[in-house]
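Student: Chains as they are written, first to last, in the working numbering: chain A, 1 to 229; chain B, 1001 to 1134.
Every residue, glycine too, gets a C-beta built ideally from N, C-alpha and C.
These figures come from a predicted structure and were not determined experimentally.
Below is the structure I would like to discuss, written out as C-alpha cells.
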Amino acid sequence: MAPKKVTRNPELIPGVRKISRSQMYHKRGLWAIKAKNGGKFPHHDKSAAAAPVAEKPPKFYPADDVKKPLSNKRKPKPTKIRASITPGTVLIILSGRFKGKRVVFLKQLTSGLLLVTGPYKVNGVPIRRVNQSYVIGTSTKVDVSGVNVEKFDDKYFAKEVEKKKKKGESEFFEAEKKDKTALPAEKKDDQKAVDAPLLKAIESVPELKFYLGARFSLRAGVKPHELVF
Amino acid sequence: MPFKRYVEIGRVALVNYGKDYGQLVVIVDVIDQNRALVDSPDMVRSQINFKRLTLTDIKIDIKRVPKKKTLVAAMEAADVKAKWEKSSWGRKLIVQKKRASLNDFDRFKLMLAKIKRAGVVRQELAKLKKETIA
C-alpha cells in the first residue's frame, strides 16, 4: 500500500476543517499555476466529437416490446482450494471406489477439481480428478517438482462419444456387448511419465511408500474431530 | 487418611479448567476460603478458584506475594520445571500432548513400530516357552 499521506487540511470536528478556503488556495499553489499560465487556469479545448452517423430507419419493428435481459459479465473462477492442499500434499479420498486411499495431489484443473495420482504402482489409483469436498488434506508433503502436469486438463478426462447405432429388433435380444475399450497406450504412458519422478521422491522418504499403499480407517475410540491430519 | 499436599504459599499447582488450562502456577497468597492468588513466570498474577487447581507435590520457598523477579528466581532455584518433567504425572502429560499432535503419517509409522515391537516380544516369548518345555 502507498505510504499514509498526511492531509494538509485535517477535519477538527465533523464539518469543520482546520484551514480556510483562501488559505488552502494559497497552500495548493493555485496562484503559481495561474501565474505560470498568464492569469488564468490552464485549459484544453474539447476534442472535436466524431460527426454523428446518419442512421437508417429499421426495416422491422417488433410487435411487442421485448425486455432485454440484464447483461451478465461474470467470469466463473475455479473453486478456492483449502490452504492445507498444495501441490505435493498427500490427500485421503473419502468416497468412491478409492475411498480411504492416500493419494498425491498434483494440481487444480480449471473446473475446480483436483488432479491426483496414486501413484498407480503404489496403490492402484491412476491419474484422476477428485472433488475437494471428498478429500482430507494431510500435512504430509511429497516433492512434486520433477513432475510435468501441463498436458492434463478437463478435456483429457472427457468420455469418448459413442457413435449412435440404429436399434434393430435383433439387437434388443442380443446381450448388449459392452465393449470395454482397453485404456489407450497413450494414457498408460502418461501415467508412467507422471509417476516416475514421484516414485523417486516417495522412495527417498522412509516408510512413505507403505503409507501411501495403506488405506485410512477409523478404529474404536478414535475421534475424527480430535485427530490432527 | 491424612492429607499430604497442602494449600500453602509456594505450593505449585496445575490449572485444570479455564483459559490457562494445563499451566503450572504457584500459589502466592490465599484470598479467602475459595480463592487463591496465583502467579507464574509467563502469566499475569491473578486470582483463581481452588476448584480450578490441582495441587502437585512440588513446593518452593517464597514469602507472601513475591515480586515477579523473586518468584522466577525461586522457581529456578527449586528447579520446578525439571522436577515436573521428571515426575510421572508430568511425563504422562507430555506424552498425551505428543500423541494428540501426531500427524496421520506419524500415526502410521507408530503403528508399524508397535507391530514390529510386538513381533520381537512374541519371538522372545516363543523362545522362552520352548526352553521351559524342553
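Does the contact criterion of 3 or more C-beta pairs under 8 angstroms hold for the segment 1002-1012 of chain B versus the segment 1059-1066 of chain B?
Tutor: As far as the Cβ criterion goes, the segment 1002-1012 of chain B touches the segment 1059-1066 of chain B, which means the pair count is three or higher.
Student: Quick one: using the 10 Å Cβ neighbour count with 16 as the cut-off for buried, is Leu1053(B) buried or exposed?
Tutor: Here the question's residue 1053(B) lines up with position 53 in the second sequence. Under this definition Leu1053(B) is a buried residue.
Student: If you draw a straight line from the C-alpha of Gly38(A) to the C-alpha of Met24(A), how long is it?
Tutor: Position 38 of the first sequence, counted from the start, is the residue given in the question as residue 38(A). Position 24 of the first sequence, counted from the start, is the residue given in the question as residue 24(A). Cα to Cα, the separation comes out at about 21 angstroms.
Student: Find out if the Cβ-Cβ distance for the pair Val90(A), Arg82(A) is shorter than 8 angstroms.
Tutor: As a first step, residue 90(A) is located in the first sequence; it is residue number 90 there, counting from the start. As a first step, residue 82(A) is located in the first sequence; it is residue number 82 there, counting from the start. Taking 8 angstroms as the Cβ cut-off, Val90(A) and Arg82(A) do not qualify as a contacting pair.
Student: Can you tell which of Ser217(A), Lys223(A) and Gly221(A) has its C-alpha closest to the C-alpha of Phe1108(B)?
Tutor: Walking along the second sequence from the start, residue 1108(B) turns up at place 108. Phe1108(B) has its Cα closest to that of Ser217(A), out of Ser217(A), Lys223(A) and Gly221(A).
Student: Pro69(A) to Ala158(A), Cα distance in whole Å?
Tutor: Reading the first sequence from its first residue, position 69 is the one you call residue 69(A). Reading the first sequence from its first residue, position 158 is the one you call residue 158(A). About 33 angstroms.
Student: Mind listing the chain A neighbours of Ala1118(B)? Cutoff is C-beta to C-beta under 7 angstroms, in chain order.
Tutor: Residue numbering aside, residue 1118(B) sits at position 118 when the second sequence is read from its first letter. Chain A residues near Ala1118(B): none, gap ~16 angstroms exceeds 7 angstroms.
Student: Is it right to say Ala201(A) is buried, meaning 16 or more other beta carbons lie within 10 angstroms of its own, or is it exposed?
Tutor: In the first sequence, residue 201(A) corresponds to position 201, counting from 1. With 16 or more other Cβ atoms within 10 Å, it is buried.
Student: Are the C-beta atoms of Ser139(A) and some chain B residue less than 8 angstroms apart?
Tutor: On the first sequence, position 139 is the one that residue 139(A) refers to. Ser139(A) counts as touching chain B.
Student: Identify which residue in Met1001(B), Arg1099(B) and Asp1057(B) has its Cα closest to the Cα of Val1026(B).
Tutor: The residue labelled residue 1026(B) in the question sits at position 26 within the second sequence. Val1026(B) has its Cα closest to that of Asp1057(B), out of Met1001(B), Arg1099(B) and Asp1057(B).
Student: With DSSP as the reference, please indicate the residues paired to Phe105(A) in a beta bridge.
Tutor: Start at 1 with the first residue of the first sequence, and residue 105(A) comes out as number 105. Looking at the DSSP assignment, Phe105(A) forms a beta bridge with Val116(A).
Student: So if I threshold CB-CB distances at 8 angstroms, which residues from the segment 192-224 of chain A count as touching chain B?
Tutor: The segment 192-224 of chain A vs chain B, Cβ under 8 angstroms: Glu207, Leu208, Phe210, Tyr211, Ala214 and Phe216.
Student: Per the DSSP calculation, Ser1046(B) is bridged to which residue(s)?
Tutor: Mapped onto the second sequence, residue 1046(B) falls at position 46. Answer is Val1038(B).
Student: With which residues is Asp1135(B) paired in a DSSP beta bridge?
Tutor: It is not possible to answer for residue 1135(B), since the shown part of chain B is limited to 1001 through 1134.
Student: From what residue to what residue does the beta strand (DSSP E) around Ala984(B) run?
Tutor: Residue 984(B) lies beyond the stretch modelled for chain B, which goes from 1001 to 1134, so this question has no answer here.
Student: How long is the line joining the alpha carbons of Ser133(A) and Val228(A), rounded to whole angstroms?
Tutor: Locating residue 133(A) in the first sequence gives position 133, counting from the first residue. Locating residue 228(A) in the first sequence gives position 228, counting from the first residue. One C-alpha to the other measures close to 18 angstroms.
Student: Taking a Cβ distance cut-off of 9 angstroms, strictly less, list which residues of the segment 85-117 of chain A are near chain B, in chain order.
Tutor: Within the segment 85-117 of chain A, the qualifying residues are Val90, Ile92 and Arg102.
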